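As structure tokens, the structure follows; a few thoughts come after it.
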Amino acid sequence: MEYHLQTPLKKEDIEKLNAGNVVYISGELLTARDEAHARILEMKEKGEKLPFSLEGAVIYHCGPLMQQAESGWKVISAGPTTNGRMSKMTPSLLKAHDVRAIIGKGGMKGVASELENKCVYLAYTGGCAALAAELIKEVNTVHWLDLGMPEAVWVLRVEEFGPLIVGIDSKGKDIFAEVRERAEKVLEKLQK
Amino acid sequence: MDSFSGIYFLICDFYYLIHFGGLLSSKISRENFIRSIADLLRKAEIELPDDVESALRKAETAEESQVAKSQLEAILKNLEIAKKHGVPMCQDTGIMIFFAELGTEFQPGFDLEAALREAVILATAEVPLRPNAVDPLTRKNSGDNTGVGIPDIHWKLVPGNQLKITAAPKGAGSENMSALRMFNPTETGNIRNFVLETIVNAGGMPCPPLTIGVEIGGSSDAAARLAKEALLEPLDAPMNGLEIEILETVNSLGIGCMGLGGSTTALAVHVKTAYCHTASLSVAVNIQCWANRHASIVFGGDE
Numbered sequence: 000m001e002y003h004l005q006t007p008l009k010k011e012d013i014e015k016l017n018a019g020n021v022v023y024i025s026g027e028l029l030t031a032r033d034e035a036h037a038r039i040l041e042m043k044e045k046g047e048k049l050p051f052s053l054e055g056a057v058i059y060h061c062g063p064l065m066q067q068a069e070s071g072w073k074v075i076s077a078g079p080t081t082n083g084r085m086s087k088m089t090p091s092l093l094k095a096h097d098v099r100a101i102i103g104k105g106g107m108k109g110v111a112s113e114l115e116n117k118c119v120y121l122a123y124t125g126g127c128a129a130l131a132a133e134l135i136k137e138v139n140t141v142h143w144l145d146l147g148m149p150e151a152v153w154v155l156r157v158e159e160f161g162p163l164i165v166g167i168d169s170k171g172k173d174i175f176a177e178v179r180e181r182a183e184k185v186l187e188k189l190q191k
Numbered sequence: 000m001d002s003f004s005g006i007y008f009l010i011c012d013f014y015y016l017i018h019f020g021g022l023l024s025s026k027i028s029r030e031n032f033i034r035s036i037a038d039l040l041r042k043a044e045i046e047l048p049d050d051v052e053s054a055l056r057k058a059e060t061a062e063e064s065q066v067a068k069s070q071l072e073a074i075l076k077n078l079e080i081a082k083k084h085g086v087p088m089c090q091d092t093g094i095m096i097f098f099a100e101l102g103t104e105f106q107p108g109f110d111l112e113a114a115l116r117e118a119v120i121l122a123t124a125e126v127p128l129r130p131n132a133v134d135p136l137t138r139k140n141s142g143d144n145t146g147v148g149i150p151d152i153h154w155k156l157v158p159g160n161q162l163k164i165t166a167a168p169k170g171a172g173s174e175n176m177s178a179l180r181m182f183n184p185t186e187t188g189n190i191r192n193f194v195l196e197t198i199v200n201a202g203g204m205p206c207p208p209l210t211i212g213v214e215i216g217g218s219s220d221a222a223a224r225l226a227k228e229a230l231l232e233p234l235d236a237p238m239n240g241l242e243i244e245i246l247e248t249v250n251s252l253g254i255g256c257m258g259l260g261g262s263t264t265a266l267a268v269h270v271k272t273a274y275c276h277t278a279s280l281s282v283a284v285n286i287q288c289w290a291n292r293h294a295s296i297v298f299g300g301d302e
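Chains A and B, in that order, give the protein sequences.
Residues in the first sequence are numbered from 0 upward in steps of one, following numbering that gives the first Met the number 0.
Residues in the second sequence are numbered from 0 upward in steps of one, following numbering that gives the first Met the number 0.
Set out below in structure tokens:
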């Protein structure tokens, strides 16, 4: 199955997605990595208002390579980062905000139950940054540049961003966990 | 060549050969050196060596899982776009690492390390490269890919009058999955399992299909460095029995491209060995993502 979705995402949009489906997204993506996650949670704790909305948002775990031109920021290269690093902060983030999709690569250990009925994990081919840059039409704005270019929150306008593979759906099915379990079983046999 | 007063570039595959005539061989222009290294970094970031690209094509042809095949197709398409637009193939343009083989008779006449650093700053602005170098504790980004210990330069003294520099930018996704273990000397039988555990633990995070560098022996720091150097071996070079055994078992794990399942988890395994203390057995595993980026240049030498 193939789906074409428009942001902001509604709960119904993601409930119909099953692990293994192919998805294309149009609208806005917000990049966020380790430092941005930490700041979002810190602000929540202090009761401060974020300079952007995360309700129905699609978070792209990406540290893009940007170039400042006269007309504004230009995307040079913007592929997904390893989102395993954000696994620990993601549950708190999902409790604080209605983020509907997380895009990254490599999977996220132990978050499938946290995503249930809330959010999906979409896998984009790791390293395919030149391809991704072609699908990003515009840099709408950037927040928190003080964190450095890769760690800042970039608001990107995309058209038909994909193909994205539903790696973890909102019903708890996790392709990465299944592949890992199978690999662990093979390893166990080899070790005997 | 004695009357030859300038420099000429001979581009052959990944090598630029810069020859200097006669007495000039001890002098090399700092400016040209910096220019060549910045160009070398650009090349390494935009194009994969032929052996790596061809290994990826083979993996795509052989893959039976449709999801994994779609991922490999995306990788090949990405390589085409990067080449067409002259942009880095991956947004993680890495930490700048150089392997330098310095001929004992090669006399640059300027500070090579400072010039390499300048070339990194130039390439960062020109290509451009993502500024990745940060202070480990404050996490402050230097903004130009340099800092204490960065670029990371490995010098090796070799006989002769040439200087060979290999630029091998390394991303964090794969580097973070690398591992080192100090075994007991009698535990040689556990080496294969250690490599497999490292790969299973890494799953899709280091962007498979991987190149796996393994170093057995040496001191702990030498093992880690040599495992990384092993990644530079051509992927089409014949592998020995141990390397083939590890490669086949790694691929039997079914992790596949991007950890979404599939038949090719690794493209090649290269194992190096070095003598070690009789009471030691260090084993290092360095994991390289599909973007096994590196390019070399040779300065100096005779006709």
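A virtual CB, placed ideally from N, CA and C, is assigned to each residue, including glycine.
Everything numeric in this text was worked out from a predicted model, so none of it was measured.
Query: In chain order, what are the residue ranges of uninterrupted alpha helix (DSSP H) at least 4 long that sit wholly in the segment 193 to 236 of chain B?; Result: 219 to 228
Query: Taking L5/A as the reference, give the member of V21/A, E14/A, G26/A and K15/A with the closest Cα.; Result: The identity of residue 5/A in the sequence shown is Gln, whereas the question assumes Leu. Closest option to Q5/A, Cα to Cα, is G26/A.
Query: Helix, strand or coil for D145/A, going by three-state DSSP, please let me know.; Result: helix
Query: My output table needs one value for M65/A: the three-state DSSP class, helix, strand or coil.; Result: strand
Query: Where are the alpha helix (DSSP H) runs, 4 residues long or more, that stay fully inside the segment 79 to 159 of chain A, in chain order?; Result: 89 to 95, 111 to 114 and 128 to 134
Query: With a cut-off of 9 Å, does the C-beta of N175/B fall near any C-beta of chain A?; Result: yes
Query: Got a sec: which bits of the segment 200 to 232 of chain B sit with their beta carbon under 7 Å from any beta carbon on chain A, in order along the chain?; Result: G202, G203, M204 and C206
Query: Going by DSSP in three states, E1/A sits in which element: helix, strand or coil?; Result: strand
Query: Taking only beta-carbon positions, decide if F175/A is within less than 9 Å of chain B.; Result: yes
Query: In chain order, what residues of the same chain have a beta carbon less than 8 Å from the beta carbon of G19/A, not counting five sequence neighbours either side?; Result: I164, V165 and I174
Query: Do L231/B and A122/B have their CB atoms nearer than 9 Å?; Result: no
Query: Which two residues bound the contiguous beta strand (DSSP E) that contains I75/A?; Result: G71 to S76
Query: Can you tell me the Cα-Cα spacing of E187/A and P208/B, whole angstroms?; Result: 22 Å
Query: Would you tell me roughly how many angstroms separate the C-alpha atoms of I102/A and H60/A, rounded to the nearest one?; Result: 6 Å
Query: Work out the CA separation of L234/B and V51/B for me, nearest whole Å.; Result: 6 Å
Query: Going along chain A, which residues have a C-beta under 8 Å from G255/B?; Result: V178
Query: Can you tell me whether S64/B is helix, strand or coil according to DSSP?; Result: coil
Query: Going by other Cβ atoms of all chains shown within 10 Å of its Cβ, with 16 needed for buried, is N291/B buried or exposed?; Result: buried
Query: If you scan the segment 101 to 162 of chain B from start to end, which runs of the alpha helix (DSSP H) of 4 or more residues do you find wholly inside it?; Result: 111 to 125
Query: Mind listing which residues of the segment 57 to 74 of chain B have their C-beta closer than 7 Å to chain A's C-betas, in chain order?; Result: V66, S69, Q70, A73 and I74
Query: Only counting the same chain, and skipping five residues up and downstream in sequence, which positions put a Cβ closer than 6 Å to that of A167/B?; Result: I96 and H293
Query: Nearest-angstrom Cα distance between N131/B and K191/A?; Result: 43 Å
Query: Any idea what DSSP makes of S177/B, helix, strand or coil?; Result: coil
Query: According to DSSP, which residues form a beta bridge with Y23/A?; Result: H3/A
Query: If you drop the 5 nearest sequence neighbours on each side, which residues of the same chain put their C-beta closer than 8 Å to that of Y14/B?; Result: Because the pLDDT of Y14/B is 38, which lies under 50, any placement of that residue in the model is unreliable, and the number read from its coordinates should be weighed accordingly. Closer than 8 Å at Cβ, skipping near neighbours: S295, I296 and V297.
Query: Can you check whether the C-beta of T34/A is within less than 9 Å of a C-beta belonging to chain B?; Result: It should be pointed out that residue 34/A corresponds to Glu in this sequence rather than to Thr. So yes, E34/A belongs to the interface.
Query: Under 8 Å, with one C-beta from each stretch per pair, do the segment 190 to 201 of chain B and the segment 68 to 83 of chain B reach the 3-pair mark?; Result: no
Query: Going by alpha carbons, who is nearest to P150/B out of T187/B, G93/B and T137/B?; Result: G93/B
Query: Give the range of the alpha helix (DSSP H) segment to which H36/A is assigned.; Result: D33 to K45
Query: Do you know whose CA, among K184/A, E183/A, R156/A and A176/A, lies nearest V57/A's CA?; Result: R156/A
Query: Measure the CB-CB distance between A67/B and L259/B and report whether it falls below 9 Å.; Result: yes
Query: Pull up the distance between the alpha-carbon of L101/B and that of A229/B, whole angstroms please.; Result: 19 Å
Query: I'd like to confirm the pairing. Which residues does DSSP put opposite T281/B in its beta bridges?; Result: Sequence check: residue 281/B is Ser here, not Thr. Note: S281/B sits in a beta bridge opposite M181/B.
Query: Please name the residues in the segment 114 to 136 of chain B whose beta-carbon is closer than 9 Å to at least one beta-carbon of chain A, in chain order.; Result: V126, P127, L128, R129, P130, N131 and V133
Query: Taking only beta carbons into account, state which residues of the segment 85 to 105 of chain B come closer than 8 Å to chain A, listed in chain order.; Result: V86, P87, M88, C89, Q90, D91 and T92
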